[in-house]
Amino acid sequence: MGFRKHLDYNTTQHNIYMAGVELCNDRNDGYTQWEIKQDLYRLKWLIDNILAKSATFTEEEHFLREHDKHVVWETLKS
């Protein structure tokens, strides 16, 4: 039996995005913002750890290069 993908990317992305919105919301106090930032760091560390242990795939370099190009274009547009 293979792995069943339970991760819903859209919901996860939305939740992380909303955490970022709350983190930068001037109406939240520093304690609330710090708690949100800690949660985001914990997620980042978990993901970094999992990715570091994973295999490298054929299309991975191309995928990452395309993302880097997108970041550069967004930076140049602003």
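In the numbering used here, the protein residues as written are 6 to 83. By construction, the Cβ of each residue, glycine as well, lies at the ideal position given by its N, Cα and C atoms.
Assigned with DSSP and collapsed to three states, Lys74 falls in helix. Per DSSP, Asn15 is one residue of the alpha helix (DSSP H) stretching across Tyr14 to Leu28.
In the displayed model, Thr63 falls within coil according to three-state DSSP, outside both helix and strand. DSSP places Lys42 in the uninterrupted alpha helix (DSSP H) bounded by Gly35 to Lys58. No Cβ-Cβ contact shorter than 8 Å links Ala60 with Leu45.
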